[in-house]
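Trainee: What follows is a structure written as structure tokens; I'll ask about it next.
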Amino acid sequence: MNILYLHGLNSSLSPEKRKALERYGNVEAPTIDYENNPDSISSLFDQFEDANIDLVIGSSMGGFAGYYLSKLFQLPALLFNPALANRSVFQNIPNAPETNANSIHLVLGSKDSVVITEDTLDFLANLLMQPQNYSIQIRPELEHRIPVEIFEEEVSSLFERLPPGHLKPKRLFLDDIRTVNMVYDTTFEPEFDIVRTYDAFVDYIKKNGLPDFISFDNDLGLGTDGKVAPDGLAAAKWLVYESGLDLRNLHYKVHSANPVAAQQIRGLLGNYIRFLNQRNTS
Numbered sequence: 001m002n003i004l005y006l007h008g009l010n011s012s013l014s015p016e017k018r019k020a021l022e023r024y025g026n027v028e029a030p031t032i033d034y035e036n037n038p039d040s041i042s043s044l045f046d047q048f049e050d051a052n053i054d055l056v057i058g059s060s061m062g063g064f065a066g067y068y069l070s071k072l073f074q075l076p077a078l079l080f081n082p083a084l085a086n087r088s089v090f091q092n093i094p095n096a097p098e099t100n101a102n103s104i105h106l107v108l109g110s111k112d113s114v115v116i117t118e119d120t121l122d123f124l125a126n127l128l129m130q131p132q133n134y135s136i137q138i139r140p141e142l143e144h145r146i147p148v149e150i151f152e153e154e155v156s157s158l159f160e161r162l163p164p165g166h167l168k169p170k171r172l173f174l175d176d177i178r179t180v181n182m183v184y185d186t187t188f189e190p191e192f193d194i195v196r197t198y199d200a201f202v203d204y205i206k207k208n209g210l211p212d213f214i215s216f217d218n219d220l221g222l223g224t225d226g227k228v229a230p231d232g233l234a235a236a237k238w239l240v241y242e243s244g245l246d247l248r249n250l251h252y253k254v255h256s257a258n259p260v261a262a263q264q265i266r267g268l269l270g271n272y273i274r275f276l277n278q279r280n281t282s
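In full-length UniProt numbering, the protein residues as written are 1 to 282.
Set out below in structure tokens:
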């Protein structure tokens with residue numbers, strides 16, 4: 001999944017919020033000069049038109065830009081305190097469709113003294129004749145800045161509400177030599193991304209988030225130093241002990257020819273996932 005995050009005026013995406021978003025996919029977070037580029041929205045559209053963006057998230061001035069970009073791209077959006085009614089810097093608004101076929105989700109803070117919630121609601125009320133689906137969450141404790149905890153909560157809530165068909169399954173094939181069609185039917189080959197090394201596995205998941213399905217080989221051959229490379233078990237250990245990802249819904253298979261090594265991976269992941277699910281229900 002590709003997520004486009006749009007920061008506010010003189011702001012940026014914090015490392016903590018980036019990490020929260022990277023659990024779900026690849027994050028694009030461009031630096032936007034709202035003060036010196038009055039056509040920021042059009043520039044962003046041109047920049048990301050061919051980037052296969054799946055979701056737009058924005059805060060404050062970025063929420064304003066995200067509102068119109070979501071209509072231009074016809075994508076769902078999550079907007080925190082979007083500056084829809086009033087802005088401190090001038091921005092041209094491009095011609096965008098009145099209706100976005102996807103829902104626009106807004107999170108508004110009752111204590112926001114910068115973007116006034118009542119003004120935002122009045123702005124939306126004037127658009128009631130447009131056939132647009134909105135989800136509006138008003139948080140009485142929220143000011144203009146979005147704490148990481150609230151950001152994570154609202155992002156998680158959004159992903160729970162997105163239509164199942166909107167998110168394409170991600171499947172990852174970890175093997176140093178074999179191709180997907182050597183293990184699975186050829187019809188499944190286009191659905192897999194392939195990584196050949198432990199490092200590529202870690203980098204892929206850090207960039208794209210946790211796949212829906214991972215196919216593990218154990219033996220990943222030799223590293224560039226001629227020594228035995230970290231194997232599939234090392235990749236599984238990284239998921240469990242270092243990634244910090246929620247693995248409860250992970251589906252996996254081990255296609256290693258070594259039954260002992262395969263059982264090690266199955267045992268580690270299976271026991272850990274069972275532990276997580278039992279803890280969640282207790």
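Just so you know, even glycine gets a beta-carbon here, dropped at the ideal spot from N, CA and C.
Pop quiz: G25 and G209 are said to be a contact at Cβ under 8 Å. What is the actual Cβ separation, rounded to whole angstroms?
Mentor: 5 Å between Cβ atoms; contact.
Trainee: Let me check understanding here. Comparing Cα to Cα, which of A85, A65, Q91 lies closest to E35?
Mentor: Of the candidates A85, A65, Q91, the one whose C-alpha sits nearest the C-alpha of E35 is Q91.
Trainee: Nearest-angstrom Cα distance between T186 and F192?
Mentor: C-alpha separation (whole angstroms): 11 Å.
Trainee: Please tell me whether F213 and G232 are closer than 7 Å, where the distance is taken between their beta carbons.
Mentor: Not closer than 7 Å, so no.
Trainee: Between which two residues does the beta strand (DSSP E) holding R139 run?
Mentor: 134-139 is the extent of the beta strand (DSSP E) around R139.
Trainee: Between the C-alpha atoms of D112 and R161, what's the straight-line distance to the nearest angstrom?
Mentor: Answer to the nearest angstrom: the Cα atoms are 26 Å apart.
Trainee: Go ahead and label E149 buried or exposed: buried means 16 or more other beta carbons lie within 10 angstroms of its beta carbon, across all protein chains shown.
Mentor: Exposed is the call here.
Trainee: With DSSP as the reference, label S103 as helix, strand or coil.
Mentor: Of the three classes helix, strand and coil, the one that applies to S103 here is coil, per DSSP.
Trainee: Taking a contact to mean a Cβ-Cβ separation below 7 Å, would you say A235 touches Y198 in this structure?
Mentor: Their beta carbons are under 7 Å apart, which means A235 touches Y198 by this criterion.
Trainee: Buried or exposed, going by whether 16 or more other CB atoms sit within 10 Å of the CB of L220?
Mentor: When all chains shown are included, L220 counts as buried.
Trainee: So for I93, helix, strand or coil by DSSP?
Mentor: Of the three classes helix, strand and coil, the one that applies to I93 here is coil, per DSSP.
Trainee: Report the partner residues of Y252 according to the DSSP bridge assignment.
Mentor: DSSP lists I214 as partners of Y252.
Trainee: Give me the DSSP bridge partner(s) of V27.
Mentor: Its beta-bridge partners are I3.
Trainee: Cutting at 6 Å between CB atoms, please list the residues of its own chain near I136, excluding the five before and the five after it.
Mentor: Contacts found: L106.
Trainee: Could you say if the region 137-146 and the region 113-129 meet the contact criterion of at least three C-beta pairs nearer than 8 Å?
Mentor: They touch, by the three-pair rule.
Trainee: Do the CB positions of T84 and F45 come within less than 7 Å of each other?
Mentor: Before going further, note that residue 84 is Leu rather than Thr in the sequence given. Result no, Cβ atoms of L84 and F45 do not sit closer than 7 Å.
Trainee: Go to F159, then tell me how far its beta strand (DSSP E) extends in each direction, as first and last residue.
Mentor: Segment 148-161 is the alpha helix (DSSP H) holding F159; no beta strand (DSSP E) there.
Trainee: Buried or exposed: N100, going by 16 or more other Cβ atoms within 10 Å of its Cβ?
Mentor: With 16 or more other Cβ atoms within 10 Å, it is buried.
Trainee: Can I41 and A65 be called in contact, C-beta distance under 7 Å?
Mentor: Yes, they are a contact pair.
Trainee: So what does DSSP say about A77, is it helix, strand or coil?
Mentor: If DSSP states are grouped into helix, strand and coil, A77 belongs with the strands.
Trainee: Is the distance from the Cβ of L55 to the Cβ of I3 below 7 Å?
Mentor: A contact, by the Cβ cut-off of 7 Å.
Trainee: Find out if the Cβ-Cβ distance for the pair V183, H255 is shorter than 7 Å.
Mentor: Yes, these two residues count as a Cβ contact at 7 Å.
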